[in-house]
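Asker: Handing you this structure, nothing more for now.
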Amino acid sequence: HCSLTWATDENLSASGRRFGGPDVRAWRDTTSHDIVFSFNLIGEGLSESTHRKGEHSKGMLLHDNVTRVILLANLLAHNRERNPLLKGGVQATMVNNFIYNPGMRAVHYNLLAWEWGEHIPVAGQLTAVGNVLRAGPSSSADLAFLMLGGSGDLNYFGKDNVAVDRLGNPLPRFGRYTTSAARIIEHETPPDWPDGLIALPSEEVEDFVLKQAGARPWERDEHDLRLISDVAEGRGRIIDSEKEVGGYPIAEPSRQAFDAGLWDLERMIPRAQADQ
Numbered sequence: 597h598c599s600l601t602w603a604t605d606e607n608l609s610a611s612g613r614r615f616g617g618p619d620v621r622a623w624r625d626t627t628s629h630d631i632v633f634s635f636n637l638i639g640e641g642l643s644e645s646t647h648r649k650g651e652h653s654k655g656m657l658l659h660d661n662v663t664r665v666i667l668l669a670n671l672l673a674h675n676r677e678r679n680p681l682l683k684g685g686v687q688a689t690m691v692n693n694f695i696y697n698p699g700m701r702a703v704h705y706n707l708l709a710w711e712w713g714e715h716i717p718v719a720g721q722l723t724a725v726g727n728v729l730r731a732g733p734s735s736s737a738d739l740a741f742l743m744l745g746g747s748g749d750l751n752y753f754g755k756d757n758v759a760v761d762r763l764g765n766p767l768p769r770f771g772r773y774t775t776s777a778a779r780i781i782e783h784e785t786p787p788d789w790p791d792g793l794i795a796l797p798s799e800e801v802e803d804f805v806l807k808q809a810g811a812r813p814w815e816r817d818e819h820d821l822r823l824i825s826d827v828a829e830g831r832g833r834i835i836d837s838e839k840e841v842g843g844y845p846i847a848e849p850s851r852q853a854f855d856a857g858l859w860d861l862e863r864m865i866p867r868a869q870a871d872q
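What follows is the structure, given as structure tokens:
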């Protein structure tokens with residue numbers, strides 16, 4: 597339940613050493629692993645801002661060899677790329693995420709051979725179930741749900757994912773931005789489904805995510821409310837500066853004692869909200 601916006605690189609990422617040891621198992625053990633990112637608002641990555649590479653509106657990055665990651669019921673909105681980007685060898689499960697108004701790319705996988713050097717490429721793994729992609733005012737016409745770049749294969753299981761343009765017409769499941777021999781290898785069963793995880797049907801995802809995602813959804817600030825409202829109405833765009841949408845707020849400091857009895861600590865929401 598975090599709101600993560602206006603970054604000049606990824607709004608959210610999981611990373612670490614790419615090759616921390618002698619073999620694949622060591623690489624995975626010495627970088628980020630075993631993570632759940634859930635109910636976050638990841639939006640409005642700044643495009644032509646202060647990044648040294650120039651344009652850099654990026655939503656979310658899972659770096660090389662990051663494994664056992666669950667992306668659950670997140671909203672990714674108004675990011676040009678990386679919605680998310682899975683790099684070489686990543687293993688991730690995406691369930692019930694809502695991607696709105698990506699620029700060039702929604703989900704994409706990319707193992708860059710020049711970054712891996714003499715290391716033998718490792719196939720990535722993505723399980724995607726019940727996710728929704730809806731194009732917006734900043735989206736390219738040739739958008740696809742999943743794009744493959746680079747030089748590594750991706751093992752893929754997909755079910756009940758929806759991708760549509762601004763008029764509701766279907767978009768392609770797959771696309772490529774590489775001429776290498778890399779492949780998306782489709783599987784009929786998910787390679788690793790977390791125990792107890794139940795996916796909502798895709799037709800329920802948009803309403804569910806817009807209601808739940810972000811910091812304090814029961815009491816959103818003006819920027820989260822603006823962004824959620826724009827997504828619901830098919831508005832908004834990729835921005836270069838936070839000043840284009842009102843800029844950082846000036847808030848008076850406040851303090852309040854924490855009363856555990858007022859909270860559902862398992863879900864970290866107010867007990868009154870949990871009882872509704």
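Residue numbers (this note's numbering): 597 to 872. Yeah, the Cβ is synthetic: ideal placement off N, Cα and C, and Gly gets one too. These numbers come from a predicted model, not from an experiment.
(1) Starting from the Cα of Leu744, find the closest Cα among Ala709, Glu714, Ala669 and Tyr705 and give me that residue.
(2) Could you tell me how far apart the beta carbons of Leu742 and Val703 are, in whole angstroms, since I believe they sit closer than 8 Å?
(3) Assign Arg676 to one of two classes, buried (16 or more other C-beta atoms within 10 Å of its C-beta) or exposed (fewer than that).
(4) With which residues is Val665 paired in a DSSP beta bridge?
(5) Please report the straight-line C-alpha distance between Gly655 and Val728, rounded to a whole angstrom.
(6) Do Leu637 and Ala688 have their C-beta atoms within less than 7 Å of each other?
(7) Could you tell me the alpha carbon to alpha carbon distance between Arg701 and His659, rounded to whole angstroms?
(8) How long is the line joining the alpha carbons of Asp826 and Gly732, rounded to whole angstroms?
(9) If you reduce the DSSP assignment to three classes, tell me which class Phe615 lands in.
(10) So what does DSSP say about Val841, is it helix, strand or coil?
(11) Quick check on this structure: which residue in Ala870, Glu838, Asp855 and Ala856 has the alpha carbon closest to the alpha carbon of Thr604?
Answerer: Taking the definition as stated:
(1) Across the set Ala709, Glu714, Ala669 and Tyr705, the C-alpha of Tyr705 shows the shortest separation from the C-alpha of Leu744.
(2) Going by Cβ atoms, the distance from Leu742 to Val703 rounds to 5 Å, so yes, they are a contact pair.
(3) By the neighbour-count rule (16 or more Cβ atoms within 10 Å), Arg676 is buried.
(4) Beta-bridge pairing links Val665 to Ile631 and Ala688.
(5) If you take the alpha carbons of Gly655 and Val728, they lie about 16 Å apart.
(6) Going by C-beta atoms, Leu637 is not nearer than 7 Å to Ala688.
(7) Roughly 17 Å separates the two Cα atoms.
(8) Our two residues, Asp826 and Gly732, have alpha carbons roughly 10 Å apart in a direct line.
(9) Secondary structure at Phe615: coil, using DSSP grouped into helix, strand and coil.
(10) Correct three-state label for Val841: helix.
(11) The candidate whose alpha carbon is nearest that of Thr604 is Glu838.
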